[in-house]
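Notes to accompany the following structure.
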Amino acid sequence: MDIVISIFQESWHLLLEASVYILFGMLVGGLLKVFLSPSFVADHLGRGKFSSVIKAALFGIPIPLCSCGVLPAAASLKRQGANNGATTAFLISTPESGVDSMAITYALLDPIMTVARPVAAFVTAVAAGISENLLQTQKDEDWKRVVDRSCPIDKCCDGNECPPEEHAKHHTFTEKLWAGLKFAVDDLWGDLAGWFFAGLLLAGVITAIIPQDLMTRYLGGGMHSMLIMLLVGIPMYICATASTPVAAALILKGVSPGAALVFLLVGPATNVTSLSVLFGLLGKRATAIYLVMLSLFAVLFGLALDSIYSGFGISASAIAGQAGEVIPYWLQITGALIVVLLSIKPLYLYLKRFVTAQKTNMQKPSQDETSAKTGSAENNKTECAAPS
Numbered sequence: 419m420d421i422v423i424s425i426f427q428e429s430w431h432l433l434l435e436a437s438v439y440i441l442f443g444m445l446v447g448g449l450l451k452v453f454l455s456p457s458f459v460a461d462h463l464g465r466g467k468f469s470s471v472i473k474a475a476l477f478g479i480p481i482p483l484c485s486c487g488v489l490p491a492a493a494s495l496k497r498q499g500a501n502n503g504a505t506t507a508f509l510i511s512t513p514e515s516g517v518d519s520m521a522i523t524y525a526l527l528d529p530i531m532t533v534a535r536p537v538a539a540f541v542t543a544v545a546a547g548i549s550e551n552l553l554q555t556q557k558d559e560d561w562k563r564v565v566d567r568s569c570p571i572d573k574c575c576d577g578n579e580c581p582p583e584e585h586a587k588h589h590t591f592t593e594k595l596w597a598g599l600k601f602a603v604d605d606l607w608g609d610l611a612g613w614f615f616a617g618l619l620l621a622g623v624i625t626a627i628i629p630q631d632l633m634t635r636y637l638g639g640g641m642h643s644m645l646i647m648l649l650v651g652i653p654m655y656i657c658a659t660a661s662t663p664v665a666a667a668l669i670l671k672g673v674s675p676g677a678a679l680v681f682l683l684v685g686p687a688t689n690v691t692s693l694s695v696l697f698g699l700l701g702k703r704a705t706a707i708y709l710v711m712l713s714l715f716a717v718l719f720g721l722a723l724d725s726i727y728s729g730f731g732i733s734a735s736a737i738a739g740q741a742g743e744v745i746p747y748w749l750q751i752t753g754a755l756i757v758v759l760l761s762i763k764p765l766y767l768y769l770k771r772f773v774t775a776q777k778t779n780m781q782k783p784s785q786d787e788t789s790a791k792t793g794s795a796e797n798n799k800t801e802c803a804a805p806s
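The sequence shown stops at residue 806 when you use the numbering used here, and every number in between is there.
This is the structure in structure tokens:
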């Protein structure tokens, strides 16, 4: 019982430190949805083996989407004319970072990690995207653009027969702001809440149960630490926001900041499901480039980050979470309560879907049971039809 209490105490402590930054990230994410038009993004990602990739990587950095959530967005960009390299860059930079995860990284970790995370995501995305464009045989002229210019607020028009200056008059700034806030609460946090609280609980388990010397021995730094974290992170499904408290708990237990960075990069960007969808979206070669570049640069940046910390004599565990201490305690409590209140509905929907799925699986007979019942029924018919 004491262990359970300790786990919840550690999780609550992390929530206090991150709550205000979570709300800030949600706000910026909602505003990006409303004020950053998808058609504007698509217009810049179709031509050019280098410029389109750099733009796609930059566009993806602030957008808060997880590894599965980014797939439909990337598929939409590809349909609108984005080349394979730009799509690959967007697929890497977007789930590895985001305004919400960067804000929480600053709260739970430190400024060095906050900068290293998006920089590593950007460089990895650009390298993978350019590699894909240099190897592909399809020319820019072969892409046909079908740009979605519909209104991102309420789809009041398709944007094709409605000039931008006319559509600008359809909604006031207040309406746009409200639509952005609604998207942040309903859609953005609705997708992230379940995974974030799962990450909080996992971080609490790591802090309360796992011995520090075990983490230090195997994940304290060096190539073997990076490779172990690579093997752990690639198949795992965890979003950038949820991975941050886990990384903070690992660092406090003695894991090197470089190994934690590897986890922060590959965990949100890959999982078994997203890789299978990626295979169908971009093909075998692009998927292989995606995975190889992501793994290679994650390890390189992990080793470089450890060198930076050791070179300046900085202890990552000693400065982790200091940014959260800047926020007054009463504001942390207020932010945490708001986050909990906003999470009630999405967590309830998660639980409801889970229970419904379990009931469906229990009620659905297996193929063996169905075959057995069918065979039994046929035997009964044969026995009844047989003469006495």
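We put the CB at the ideal spot given by N, CA and C, even for glycine.
Under 9 Å between the Cβ atoms of residue i and residue j?
i      : j      : result
LEU595 : VAL422 : no
GLY622 : LEU434 : no
ILE522 : ALA543 : no
SER515 : PRO480 : yes
ALA538 : PHE508 : no
ILE530 : LEU723 : yes
SER761 : PHE614 : yes
ALA660 : LEU668 : no
LYS671 : ILE624 : yes
ALA734 : ASP528 : yes
LEU599 : GLY701 : no
LEU526 : THR662 : yes
PHE697 : GLY651 : no
ILE756 : LEU441 : yes
ILE548 : GLY478 : no
THR532 : TYR524 : yes
MET644 : GLY612 : no
THR688 : LEU712 : yes
ALA500 : SER469 : no
What residue range does the alpha helix (DSSP H) around residue i cover?
i      : result
PRO536 : 529–553
VAL757 : 747–781
PHE730 : From DSSP, PHE730 is part of no alpha helix (DSSP H); its letter is neither H nor E.
GLY685 : 675–687
LEU483 : First-last for LEU483: undefined, no H or E at that position.
ALA500 : That residue, ALA500, is in no alpha helix (DSSP H); it is neither H nor E in DSSP.
PHE477 : 469–478
MET520 : 517–526
ILE669 : 658–670
Measuring alpha carbon to alpha carbon, tell me which residue in the options is nearest residue i.
i      : options                        : result
ILE425 : LEU620, ALA546, LEU767, MET520 : LEU620
SER519 : VAL673, ALA658, SER733, TRP607 : ALA658
LEU721 : GLY639, LEU699, ILE751         : GLY639
MET647 : VAL603, SER674, LEU769         : SER674
ALA545 : ILE707, VAL757, TYR766, VAL517 : ILE707
GLN554 : SER643, THR705, GLU593         : THR705
TRP607 : LEU769, PRO764, TYR524, GLN776 : PRO764
LEU714 : LEU649, ALA666, VAL773, LEU693 : LEU649
PRO746 : ASP420, MET419, SER470, TYR439 : TYR439
ARG703 : LEU445, ASN551, PRO482, ALA492 : ASN551
GLY753 : MET444, MET641, PHE719, PHE540 : MET444
VAL446 : VAL541, LEU483, MET780, THR505 : LEU483
SER437 : PRO536, LEU759, ASN779, ARG635 : LEU759
ALA666 : ASP605, LEU618, THR590         : LEU618
ASP604 : LEU767, MET419, THR634, LYS777 : LEU767
VAL517 : ALA597, PHE591, ALA602         : ALA602
PRO684 : ILE656, THR634, PHE730         : With the sequence shown as reference, residue 684 is identified as Val, and Pro is not the correct amino acid for it. Nearest option by C-alpha distance: ILE656.
ALA626 : THR590, VAL664, GLU593         : VAL664
LEU699 : SER470, LEU610, ALA492, SER728 : ALA492
Is residue i a contact residue of the ligand NAP, with contact defined as CB to any heavy atom under 8 Å?
i      : result
ILE421 : With respect to the ligand NAP, the structure shown offers nothing to examine, as it has no ligands at all.
Chain C beta carbons: is any one of them nearer than 9 Å to that of residue i?
i      : result
LEU712 : As a matter of chain content, chain C is missing from the structure shown, which is built from one protein chain.
Whole alpha helix (DSSP H) elements within the region 593–654, 4-residue minimum:
Every alpha helix (DSSP H) of 4 residues or more that sits fully in the region 593–654 is shown, in chain order, as 607–627, 630–637, 641–651.
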